[in-house]
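In the working numbering, the protein residues as written are 353 to 741.
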Amino acid sequence: MQTPIRIDSRFPYMGTTIFTVMSRMAAECGAVNLSQGFPDFQAEPALFDAMHRHMVAGRNQYPPMSGMPELRAAIVDKVAALYGTRFDVESEVTVTAGATQAIFTAIAAFVRLGDEVIVFEPVYDSYVPAIETVGGTAVFSQLRFPDYTPDWAQVARLITSKTRMIIVNSPHNPTGSLLTAVDLEKLAELVRGSNIVILSDEVYEHIIFDGEQHASLCGHVELAPRTIVVSSFGKTYHITGWKIGYVIGPADLMAEFRKVHQFNVFTVHTPSQLALAEYMQDHSRHLGLAAFYQEKRDFFRQLMADLPFRLLPCRGTYFQLASYAGLSDLSDRQFAEWMTREVGVAVIPVSVFYANGRDDQVVRFCFAKKEETLLAAAERLRKAFVKPA
Ligand code: PMP
Ligand code: GLN
353 MQTPIRIDSR
363 FPYMGTTIFT
373 VMSRMAAECG
383 AVNLSQGFPD
393 FQAEPALFDA
403 MHRHMVAGRN
413 QYPPMSGMPE
423 LRAAIVDKVA
433 ALYGTRFDVE
443 SEVTVTAGAT
453 QAIFTAIAAF
463 VRLGDEVIVF
473 EPVYDSYVPA
483 IETVGGTAVF
493 SQLRFPDYTP
503 DWAQVARLIT
513 SKTRMIIVNS
523 PHNPTGSLLT
533 AVDLEKLAEL
543 VRGSNIVILS
553 DEVYEHIIFD
563 GEQHASLCGH
573 VELAPRTIVV
583 SSFGKTYHIT
593 GWKIGYVIGP
603 ADLMAEFRKV
613 HQFNVFTVHT
623 PSQLALAEYM
633 QDHSRHLGLA
643 AFYQEKRDFF
653 RQLMADLPFR
663 LLPCRGTYFQ
673 LASYAGLSDL
683 SDRQFAEWMT
693 REVGVAVIPV
703 SVFYANGRDD
713 QVVRFCFAKK
723 EETLLAAAER
733 LRKAFVKPA
């Protein structure tokens with residue numbers, strides 16, 4: 353059907369998110385899908401049993417706008433235990449329909465026409481469209497290739513009287529890099545005395561390797577009072593399709609967040625909140641995640657060891673970056689498409705996370721997969737890239 357309306361597109365140059373594009377192409381080509389980030393294994397039956405029990409018990413109507421009190425209390429307890437700050441259950445935590453909604457709502461709550469928001473490239477793909485939707489301008493700082501560490505001197509130069517917000521993401525998607533305690537000190541120094549709000553995307557907070565500690569902004573005495581921290585149960589409990597997460601932060605900021613949230617989604621699916629509140633009581637479930645994924649990271653890196661990719665460091669998240677420079681002259685987008693169609697392994701090209709399309713010939717593999725899936729991918733890669741002796 354064709355509309356008789358002449359559409360003056362709000363976003364004439366915006367395409368479809370790379371995660372949808374690559375997952376669709378993987379399905380069409382029968383490729384092993386290591387592109388979009390989601391586990392191909394099941395969550396524990398205890399979580400499903402709890403959800404079912406609450407549905408059957410009639411817990412199916414609207415929860416409070418900010419989320420079920422049981423779940424908010426469980427989140428506050430977890431954050432206090434891990435990062436040492438006890439937030440208020442009533443006024444300082446809100447359950448969201450995943451991190452994407454949380455990020456969009458936070459940006460809509462604080463960023464106005466003409467405001468600038470500093471983001472770090474490569475930048476997760478939902479931030480800039482959200483900033484532009486509300487009339488803000490994204491200002492780009494570069495993480496330094498190839499270890500993707502922030503350049504705080506550059507950030508200092510980018511801060512102006514128009515800077516309303518800085519968005520940080522650690523552990524970082526797509527690079528697997530981390531912000532350290534030293535980085536948080538640098539950030540604190542830069543924003544001291546300003547009215548800059550920090551939005552901290554910590555959806556991979558529990559997926560961090562080699563004994564390193566997650567430097568949550570929740571635990572930083574100077575930054576926490578100006579920060580909205582975002583997390584997602586999708587990553588932590590292997591349920592990305594449930595689309596449920598939360599934000600936590602000081603009451604004043606949360607009040608502004610909720611002004612938008614109430615008319616954006618109002619609230620989130622009741623039975624899954626109750627199930628998660630119960631499931632979260634066993635802290636070993638999130639505390640065990642680092643070891644669980646470290647094993648997968650190491651298994652995948654081992655499988656890749658004799659292939660002609662150069663593996664970049666992976667300190668957190670369930671993504672492994674690999675450079676194919678020296679293997680092909682294709683752009684990373686062409687290479688990712690060729691890999692999907694011809695090799696049968698779908699990956700994400702990293703240039704899509706740069707506004708100017710910067711291409712370091714690096715692709716992202718997701719290793720949140722069963723061993724058999726990773727083995728099948730490695731087998732295909734070996735066939736394509738290793739010549740028989
Ligand atoms: N932020 C980052 C860095 C992510 O990787 C993702 C999803 N993988 C999200 C936000 C969105 O999370 P959700 O699926 O809970 O919306
Ligand atoms: N965040 C996931 C990734 O990086 C994908 C989420 C999505 O598909 N929107 O792959």
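Note that beta-carbon positions come from the ideal geometry of N, C-alpha and C, so glycine has one too. Bear in mind the structure is a predicted one, so any value in this text is a computation, not a measurement.
- Sequence-distant partners of Thr-588 (beyond 5 residues in either direction) whose C-beta falls short of 7 Å from its own C-beta, in its chain, are His-558, His-638, Leu-641.
- For Arg-516, the enclosing beta strand (DSSP E) begins and ends at 515-521.
- The DSSP-derived three-state label of Ala-461 is helix.
- With 6 Å as the limit between CB and the heavy atoms of the ligand GLN, the residues that fall short of it are Thr-369, Phe-371, Gln-388, Gly-389, Asn-525.
- Ranked by Cα distance from Glu-608, the first of Ala-461, Ser-583, Phe-652, Thr-592 is Ala-461.
- Taking a cut-off of 8 Å on C-beta distances, the stretch 510-528 touches the stretch 468-476, as three or more cross pairs fall below it.
- The beta carbons of Asn-616 and Thr-446 sit no closer together than 9 Å.
- Assigned with DSSP and collapsed to three states, Glu-630 falls in helix.
- Within the model, the alpha-carbon separation for Val-463 versus Glu-484 is close to 10 Å.
- For Val-581, no alpha helix (DSSP H) segment is defined; the enclosing uninterrupted segment is the beta strand (DSSP E) at 579-584.
- Per the coordinates, the alpha-carbon of Gln-625 lies some 37 Å from the alpha-carbon of Glu-541.
- Between Phe-705 and Phe-671, the CB-CB gap reaches or exceeds 9 Å.
- A straight line joining the alpha-carbon of Phe-561 with that of Ser-522 spans about 13 Å.
- CA-to-CA, the gap between Gln-494 and Lys-648 works out to about 29 Å.
- Remark: the C-beta of Gln-494 is outside contact range of the ligand PMP, defined as less than 8 Å to any heavy atom.
- Listed in chain order, the non-local C-beta contacts of Leu-663 below 7 Å within the same chain comprise Arg-653, Met-656, Gln-672, Ala-674, local neighbours out to five positions each way being set aside.
- Contiguous beta strand (DSSP E) elements confined to the stretch 470-509 occur at 489-494, taking only those with 3 or more residues.
- According to the DSSP assignment, Val-695 belongs to no beta strand (DSSP E), since it is labelled neither H nor E.
- Residue burial annotation: Ile-359 is exposed, with fewer than 16 other C-beta atoms found within 10 angstroms of its C-beta.
- Under the 8 Å Cβ criterion, the stretch 720-728 does not count as touching the stretch 526-541, having fewer than three qualifying pairs.
- In the displayed model, Leu-663 falls within a strand according to three-state DSSP.
- DSSP places Gln-354 in the coil class of the three-state scheme, outside both helix and strand.
- For Ser-418, the CB contacts under 6 Å within the same chain, skipping 5 residues up- and downstream, are Thr-446 in chain order.
- Bridge partners of Ile-560 according to DSSP: Gly-668.
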